[in-house]
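The sequence shown runs contiguously to residue 103 in our numbering.
Glycine is no exception: its CB is placed at the ideal position from the N, C-alpha and C atoms.
Have a look at the structure below before the remarks.
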Amino acid sequence: MTRRAVAALMAGGGAALVAGQASAASHQVRMLNTGANGASMVFDPPFLRVRAGDTVKFIATDRGHNAASITGMTPDGATPFNGRIN
Numbered sequence: 018m019t020r021r022a023v024a025a026l027m028a029g030g031g032a033a034l035v036a037g038q039a040s041a042a043s044h045q046v047r048m049l050n051t052g053a054n055g056a057s058m059v060f061d062p063p064f065l066r067v068r069a070g071d072t073v074k075f076i077a078t079d080r081g082h083n084a085a086s087i088t089g090m091t092p093d094g095a096t097p098f099n100g101r102i103n
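Shown next, in the form of structure tokens:
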């Protein structure tokens, strides 16, 4: 998992929070050691559009992954998080 990938997810989530809320949805993002294209430490899907009220669950499918917010990259009022490495 790269900081750039996490930043992209956070930025997308922040932009989606501004967009308004229809009905809450649940999303799952798999954390993989190797993606379909051979890249290492990737998310599947690589990009996710979420709305305020949606839930995103990061699933560690391989060992050695965690998900964490980055200071300054979360929307105002969002709760920071730091998951354990599995």
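Proximity winner among Thr88, Asp79, Ala85 and Met90, relative to arginine 103 (alpha-carbon distances): Checking the sequence, you will find asparagine at residue 103 rather than arginine. Comparing Cα-Cα distances from asparagine 103 to each of Thr88, Asp79, Ala85 and Met90, the minimum goes to Asp79.
Burial state of glycine 82, where buried means 16 or more other Cβ atoms lie within 10 Å: The residue you asked about is not glycine; residue 82 is histidine in the sequence shown. In summary, histidine 82 is buried, with 16 or more beta-carbon neighbours lying within 10 Å of its beta-carbon over all protein chains present.
At least one CB of chain C closer than 7 Å to the CB of alanine 84: is that the case? The chain inventory of the structure shown lacks chain C, comprising one protein chain alone.
Should phenylalanine 75 be labelled buried (16 or more other beta-carbon atoms within 10 Å of its own) or exposed? buried
By how many angstroms is the C-alpha of serine 57 removed from the C-alpha of proline 97? 25 Å
Would you kindly work out how many angstroms separate the C-alpha atoms of proline 92 and glycine 55, rounded to a whole number? 32 Å
Between the Cα of phenylalanine 64 and the Cα atoms of Asn50, Thr51 and His44, which residue gives the shortest distance? His44
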